[in-house]
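Down below is the structure, laid out as structure tokens.
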Amino acid sequence: MEKIGIVTDSTCNLSEKILKENRIESVSLYIHSQEEYKKDVDILPSEFYQQLKKAVILPTTSQPSSMDFEKVYR
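Residue numbers (the numbering used here): 27 to 100.
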């Protein structure tokens, strides 16, 4: 029988509780500002919003890499 799972990226903003209860895997989005961060790994949303208030140049985002997804799929 094949294994089936749910995978999302961190823009879904599901709580850790929901992720664990439903066995959902989340792959982090990249945030580019003065440094590069992985959302919910290297920087929490509250920290991001604090930086956003002070930013002269607005940050950008990029999707998770195919390698990031591959790690979850294995």
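Just so you know, even glycine gets a beta-carbon here, dropped at the ideal spot from N, CA and C.
Would a C-beta distance cut-off of 8 Å place residue i and residue j closer than the cut-off?
i: Y75; j: I69; result: no
i: V53; j: V98; result: yes
What separation, rounded to the nearest whole angstrom, lies between the Cα atoms of residue i and residue j?
i: L55; j: I30; result: 23 Å
i: N48; j: E42; result: 10 Å
i: I32; j: C38; result: 12 Å
i: K80; j: S72; result: 13 Å
i: L78; j: E61; result: 13 Å
i: V67; j: E28; result: 30 Å
The alpha helix (DSSP H) with residue i in it runs from where to where?
i: D94; result: S92 to Y99
i: E51; result: No alpha helix (DSSP H) contains E51, which is instead part of the beta strand (DSSP E) from I50 to V53.
Classify residue i: buried if its beta carbon has 16 or more other beta carbons within 10 angstroms, exposed otherwise.
i: S88; result: exposed
On the premise that residue j lies in contact with residue i, defined as a C-beta separation below 8 Å, what is that separation, rounded to the nearest angstrom?
i: P111; j: S59; result: Residue 111 lies beyond the range of the chain shown here (27 to 100); nothing can be said about it.
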